[in-house]
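First to last, the sequence lines map onto chains A and B. Here our numbering is used: the first residue of the first sequence is 1, the next is one more, and so on. Here our numbering is used: the first residue of the second sequence is 175, the next is one more, and so on. Glycine included, every Cβ here is placed at the ideal spot set by N, Cα and C. Here's the structure we're looking at; comments come further down.
Number of protein chains: 2
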Amino acid sequence: MTIPPRPTEPPSGASAAPAADPPGFELPLRLFMGFRVIIDELHAELARQGHPDVRPMHGFVMQAIGPYGTTAADLGRRIGVSKQAAGKTIANLEAMGYVVLAQDPNDARRKLARLTERGVDSLVRSARIFDEIRARWADGLGADRLRAFEADLRHMTPDDFFRLDVPGWFGAAG
Amino acid sequence: MTIPPRPTEPPSGASAAPAADPPGFELPLRLFMGFRVIIDELHAELARQGHPDVRPMHGFVMQAIGPYGTTAADLGRRIGVSKQAAGKTIANLEAMGYVVLAQDPNDARRKLARLTERGVDSLVRSARIFDEIRARWADGLGADRLRAFEADLRHMTPDDFFRLDVPGWFGAAG
DNA sequence: CTATGCTCGACAACAACGTTGTCGTTGACC
DNA sequence: GGTCAACGACAACGTTGTTGTCGAGCATAG
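This is how it looks when you write it as structure tokens:
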């Protein structure tokens, strides 16, 4: 953090407090840094293993596409963006060779996006690398503490929701 | 998570393992969700307290501007983006009334961006809201476990670095 | 004192990702 | 068969980044 301390007055009262709690802003910052460190590690290793062009977003999208394929509109609903945005992402993944588009024989409107062999490969490798990174966290913290850490995290976060509108969410107005 | 399970083969060997470890991909996902939940809470409350237009990025940028002001080029170096990008963000914050630009009397090239009263107010309120959110985490987990949680997080993340190129990092190619 | 070189801020052009709105086609349902 | 909803395609636009170029100002070497 090169970001300077926030302008708050220090509590000049009780001075014998044992190891004061950290300021509240540290928690989200560290959560994000943990996320970013892991994702950066993943993609560095993924690049070494033959997938240099996959971006963080692509991994999440391919997970959302799943083994049975999805349409753009459905994908959009799943990851919380418009169907147009989902369609553009699918087009990118198609151009990169991670996805193929096929007509749904039962519904002439629908166009199913399915993972290619290369797409599945990137997902399988990602899963393996994620497990390796987690093992490194277990080395750093101890297996028990990591499990407790994950339990706490699970307790404080929703588990039925994930939105992928990160760029717009972080920066621009909704 | 509406995202379906990853396509890996389950380890069909040792079947009597007590409470298997979660897959590695859950950890980064939960870290990010924790970040997002906290930031969303912050900005919902910030909007209620008179700052509806502040975006997540703005808070980080204003923290980086700090009490003494900064130039665009310096800000860019600090948060890890180009000076042009930093300049645009400063211009936005200026239009929103959170920052004022002033000439540096010692160097005619430099233009110092300083926080306005309103800018400082948003930061002070943010700090208070962050503390309230942290208190809620302490209620949910217990004060001791939260402290342990933060210690673990601190142990696994760098503490001298924060890049703000989130939109590009997540989505686009570097 | 002057010449070189670096830094700053401004401007333009461009890429990536998101949004809303429109439109023709297709499917479902009354 | 007629009406309505959903899908995909297209266009237009806003925001956040990037690179490249440029003139102006400061510092330092000669």
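- Chain order gives the chain B residues near GLU150 of chain A as ASP195, PRO196, GLU200, LEU201 and ARG204, where near means a beta carbon separation below 9 Å.
- With 16 or more neighbouring CB atoms inside 10 Å of its own CB, ALA287 of chain B falls in the buried class.
- For GLN237 of chain B, the enclosing alpha helix (DSSP H) covers residues 230-239.
- Per DSSP, reduced to three states, the secondary structure at ALA269 of chain B is helical.
- DSSP, read as helix, strand or coil, puts VAL255 of chain B in coil.
- In the structure shown, ARG110 of chain A adopts coil according to DSSP, grouped into three states.
- For PRO230 of chain B, the CB contacts under 7 Å within the same chain, skipping 5 residues up- and downstream, are ILE213 and HIS217 in chain order.
- Under the Cβ distance rule, GLU306 of chain B counts among the residues neighbouring chain A, one pair being separated by less than 9 Å.
- Excluding five sequence positions before and after SER122 of chain A, the CB atoms of its chain that fall closer than 6 Å to its own CB belong to HIS51 and VAL54, given in chain order.
- Cβ-Cβ separation between THR290 of chain B and VAL274 of chain B: approximately 6 Å, consistent with a contact (criterion under 8 Å).
- Interface annotation for the region 228-245 of chain B against chain A: ARG229, PRO230, MET231, PHE234, GLN237, ALA238, GLY240 and PRO241, criterion Cβ-Cβ distance under 8 Å.
- Per DSSP, GLN223 of chain B has no beta-bridge partner at all.
- Any Cβ of chain B closer than 9 Å to the Cβ of ALA86 of chain A would place that residue at the interface, and such an atom is absent.
- Residues ALA238 of the same chain have their beta carbon placed closer than 6 Å to that of ARG252 of chain B, with the five preceding and five following residues left out of the count.
- In chain order, LYS83, ALA86, GLY87 and ILE90 place their CB closer than 6 Å to the CB of ALA72 of chain A, counting only its own chain and leaving out the 5 sequence neighbours on each side.
- With a contact defined as Cβ atoms closer than 8 Å, ARG109 of chain A and LEU327 of chain B miss out at about 47 Å.
- For ASP305 of chain B, the enclosing alpha helix (DSSP H) begins and ends at 291-315.
- Within the same chain, and ignoring the five residues on either side of MET330 of chain B in sequence, no residue has its Cβ closer than 6 Å to its Cβ.
- Of A:PHE170, A:HIS58 and A:LEU46, the smallest CA-CA separation from MET96 of chain A is found for A:HIS58.
- Residue pairing by DSSP places ALA102 of chain A opposite A:LEU112 in a beta bridge.
- Within the same chain, Cβ atoms closer than 8 Å to the Cβ of LEU315 of chain B are found at PHE323, the five residues on either side in sequence being excluded.
- DSSP, reduced to helix, strand and coil, places THR245 of chain B outside both helices and strands of the structure shown, so it counts as coil.
- At a cut-off of 9 Å between C-beta atoms, ILE129 of chain A counts as an interface residue with respect to chain B.
- The closest CA to that of GLN103 of chain A, considering only A:THR70, A:ASP139, A:SER126 and A:ARG134, is found on A:THR70.
- For ALA194 of chain B, the closest C-alpha among the options A:TRP169, A:ARG147 and A:LEU27 is that of A:ARG147.
- For PHE209 of chain B, the three-state secondary structure derived from DSSP is helix.
- The three-state secondary structure of PRO202 of chain B, taken from DSSP, is helix.
- The C-beta of GLY314 of chain B comes closer than 9 Å to at least one C-beta of chain A.
- Using a Cβ-Cβ cut-off of 9 Å, THR116 of chain A does not count as an interface residue toward chain B, since no Cβ of chain B sits closer than that to its own.
- Closer than 9 Å to the CB of LEU320 of chain B there is at least one CB belonging to chain A.
- Residue contact check for ARG210 of chain B against chain A: a CB pair falls below 9 Å.
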